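Visitor:
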Amino acid sequence: DAGITQSPRYKITETGRQVTLMCHQTWSHSYMFWYRQDLGHGLRLIYYSAAADITDKGEVSDGYVVSRSKTENFPLTLESATRSQTSVYFCASKSGTNYEQYFGPGTRLTVT
Amino acid sequence: AQSVTQPDIHITVSEGASLELRCNYSYGATPYLFWYVQSPGQGLQLLLKYFSGDTLVQGIKGFEAEFKRSQSSFNLRKPSVHWSDAAEYFCAVGGGSSASKIIFGSGTRLSIRP
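Those sequence lines, one after another, are chains A and B.
Under our numbering, the first residue of the first sequence carries the number 1, and numbering increases by one thereafter.
Under our numbering, the first residue of the second sequence carries the number 1, and numbering increases by one thereafter.
Below, the structure written as structure tokens:
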């Protein structure tokens, strides 16, 4: 199906483990984004990418790593998960000529 | 620096009543403004956007918003709410040299009283 998908939708992991959240879009949008959503903070930008192999940090990038080898995929990796990274993570994409971002359904991550 | 303030964390209105959700922004140039809605367990959906032109913009689901430059506001309104409007609403601002990024407010949770 066309659109933007995230996997897994729910994940429980332990402190110190590496975990990767996947994001896939079928629109060939050039821009992709990762946000985290925490109560009282709205959505905060973790990383974004303007095109394949071009990524840049957002306001809360510490502890996260991204890659973008293909336009349609934008995985987010927590190299050594901490409890403070318990959150809901949203991926979004947009075309280069449009300001509107399209959001995935989110991944709820719990770090124990 | 860009910022967005949604002063109301939680609002409850009766079904059929009118609604206004407040949003104030701080931005050095002409902002691009957005309202998104998030239903429980879902991602965000764009309700409406303002880039330029008419300061009263119409969106989906019967929502509208008015850009007031003098007040740095972009309040969201609906004349008559439905139970299905219960959700979290986010205002966002972007534009200029950071055109690829937008800043979100902390959100307002809307509850509907039967």
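Quick reminder that beta carbons are idealized off the backbone N, C-alpha and C, glycines included.
Only a predicted model underlies this, so the values are computations on that prediction, with no experimental measurement involved.
What is the residue span of the beta strand (DSSP E) that B/R109 lies within?
Guide: T108 to R113 is the extent of the beta strand (DSSP E) around B/R109.
Visitor: Output the residue ranges of the beta strand (DSSP E) runs that lie fully inside the segment 26-58 of chain B and measure 3 residues or longer, sorted by chain position.
Guide: The qualifying runs are 32-38, 44-50 and 56-58.
Visitor: Let me see if you follow: with CB-CB separation under 8 Å, is A/H24 close to chain B or not?
Guide: No, A/H24 lies away from the interface with chain B (no Cβ there is under 8 Å from its Cβ).
Visitor: Can you confirm whether the segment 56-69 of chain B touches the segment 103-110 of chain A when touching is taken to mean that 3 or more C-beta pairs between the two stretches lie within less than 8 Å?
Guide: No, because fewer than three Cβ pairs between the segment 103-110 of chain A and the segment 56-69 of chain B fall closer than 8 Å, the two stretches do not touch.
Visitor: Give me the chain B residues within the contact set of A/Y10, using Cβ-Cβ distance strictly less than 8 Å, ordered along the chain.
Guide: By Cβ distance, chain B contributes nothing, its closest Cβ being about 11 Å from A/Y10, past 8 Å.
Visitor: Using a beta-carbon distance below 8 Å, is B/F90 in contact with chain A?
Guide: Yes, because at least one Cβ of chain A sits closer than 8 Å to the Cβ of B/F90.
Visitor: Using DSSP's beta-bridge definition, name the partner residues of A/Q85.
Guide: Per DSSP, none; premise fails for A/Q85.
Visitor: Please go through the segment 8-88 of chain A and give each complete beta strand (DSSP E) segment of 3 or more residues, from N-terminal end onward.
Guide: You should have 10-13, 19-25, 31-38, 42-51, 54-57, 64-66 and 76-78.
Visitor: Name, going along the chain, the residues of the segment 92-107 of chain A whose beta-carbon falls closer than 9 Å to a beta-carbon of chain B.
Guide: So the list reads A92, K94, G96, Y99, E100, Q101, Y102, F103, G104, P105 and G106, given in the order they occur along the chain.
Visitor: Whether or not the segment 77-85 of chain A and the segment 15-29 of chain A are in contact is what I'm after, with contact meaning three or more pairs of Cβ atoms, one per stretch, closer than 8 Å; do they touch?
Guide: Verdict: yes, contact present.
Visitor: Going by C-alpha distance, which of B/N24, B/T30 and B/Y89 is nearest B/L39?
Guide: Looking at the sequence provided, one finds Ser at residue 39 of chain B rather than Leu. Cα-wise, what sits closest to B/S39 is B/Y89.
Visitor: Determine, using beta carbons only, whether B/Q2 comes closer than 8 Å to chain A.
Guide: No, B/Q2 does not count as interfacial toward chain A.
Visitor: Could you say which of B/G107, B/L33, B/R113 and B/P114 lies nearest to A/Q37 if we only look at CA atoms?
Guide: Checking every option, the nearest Cα to that of A/Q37 belongs to B/G107.
Visitor: Shorter than 8 Å from the beta carbon of B/D8 to some beta carbon of chain A?
Guide: No, because no Cβ of chain A sits closer than 8 Å to the Cβ of B/D8.
Visitor: Just to confirm, are A/T71 and A/A52 a CB contact at a threshold of 8 Å?
Guide: For A/T71 and A/A52, yes; Cβs fall inside 8 Å.
Visitor: Taking B/Y32 as the query, report the chain A residues whose CB atoms sit under 7 Å from its CB, ordered along the chain.
Guide: Those are Y99, listed as they occur along chain A.
Visitor: Classify B/H10: buried if its beta carbon has 16 or more other beta carbons within 10 angstroms, exposed otherwise.
Guide: Label assigned to B/H10: exposed.
Visitor: Considering Cα atoms alone, identify which of B/Q45, B/K78 and B/S111 is closest to B/L56.
Guide: When only C-alpha atoms are compared, the closest one is B/K78.
Visitor: Listed in chain order, which residues of the segment 35-58 of chain B have Cβ atoms closer than 9 Å to some Cβ of chain A?
Guide: So the list reads Y36, Q38, G41, Q42, G43, L44, Q45, L46, K49 and F51, given in the order they occur along the chain.
Visitor: Counting only beta-carbon separations shorter than 8 Å, does A/G3 have a partner in chain B?
Guide: Output row for A/G3: interface = no.
Visitor: Please report whether the beta-carbon of A/H29 lies at a distance below 8 Å from any beta-carbon of chain B.
Guide: Output row for A/H29: interface = no.
Visitor: On the criterion of 16 or more Cβ atoms from any shown chain inside 10 Å, does A/Q25 qualify as buried, or is it exposed?
Guide: That one is buried.
Visitor: Have a look at B/K101, B/A87, B/L110 and B/S111 and flag the residue whose alpha-carbon is nearest the alpha-carbon of B/Y32.
Guide: Closest option to B/Y32, Cα to Cα, is B/K101.
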